[in-house]
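Student:
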Amino acid sequence: MADTPSTPRILAPHLDAFQNRTIRLIGRVTQLRGETATIDAQGTVTAILNRDAHLSVGHAVEIVGKVQGDLSVRVLQSTDFGAEREFDFAAAEALVDATHRYKEIFYSD
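Count the sequence shown with this note's numbering and you get residues 7 to 115, in order.
Here's what the structure looks like:
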C-alpha cells in the first residue's frame with residue numbers, strides 16, 4: 007500500500023518551512039483580485055486560484071495548495087467554511103499549533 011502524502015495544516019508564519027510542499031492553510035479571505043486572493047492566516051498569504059476555487063471575501067477558508075518559492079500558495083482545492091463570524095478561528099489556530107507541536111503524529115518532514 008502506497009503512503010498518502012501528508013498535508014500539514016499551517017498558518018502564514020509556517021510558509022517558509024514548507025516551500026515546495028503541499029499544505030492546508032486555514033484563514034479568512036480579505037481580498038479577491040483576478041486569479042489571486044489575499045488570505046489572512048496570522049499574516050498575509052497570496053493564494054493563486056484555480057478555476058474550481060469559489061471564494062468569498064469575509065469568509066473562512068481552508069486551502070489545500072503548494073507553497074511556491076515566493077511563499078504564495080498555488081491552490082489545488084479550497085473549502086469555504088462560511089462567514090468569518092460563524093467560524094472559530096481560535097480553535098483552528100489551536101489545531102495548527104497542536105499539529106506542529108506533535109508533528110510526528112500529523113506529518114513527516
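Positions of the beta carbon are idealized from the N, C-alpha and C atoms, including for glycine.
Let's test the definition: count the other Cβ atoms within 10 Å of the Cβ of S114 and tell me whether it reaches 16, buried, or not, exposed.
Tutor: Against the sequence shown, residue 114 aligns to sequence position 108. Exposed.
Student: Going along the chain, which unbroken runs of the beta strand (DSSP E) with 3 or more residues stay wholly within the region 7-95?
Tutor: For the region 7-95, whole beta strand (DSSP E) runs of length 3 or above, ordered along the chain, are 28-39, 42-46, 50-54, 65-73, 79-89.
Student: Measure the alpha-carbon distance for T52 versus D86 and round it to whole angstroms.
Tutor: For the purposes of this step, residue 52 is taken as the residue at position 46 of the sequence shown. For the purposes of this step, residue 86 is taken as the residue at position 80 of the sequence shown. Going by the C-alpha atoms only, they are around 16 Å apart.
Student: Contact check, T13 vs V70 under 8 Å by CB: the rounded distance?
Tutor: Stepping through the sequence shown from its first residue, residue 13 is reached at position 7. Stepping through the sequence shown from its first residue, residue 70 is reached at position 64. The pair is a contact, with the Cβ atoms about 6 Å apart (cut-off 8 Å).
Student: Using only the alpha-carbon positions, how far apart do G88 and R34 sit?
Tutor: Locating residue 88 in the sequence shown gives position 82, where the first residue counts as 1. Locating residue 34 in the sequence shown gives position 28, where the first residue counts as 1. Taking the straight line joining both Cα atoms gives about 10 Å.
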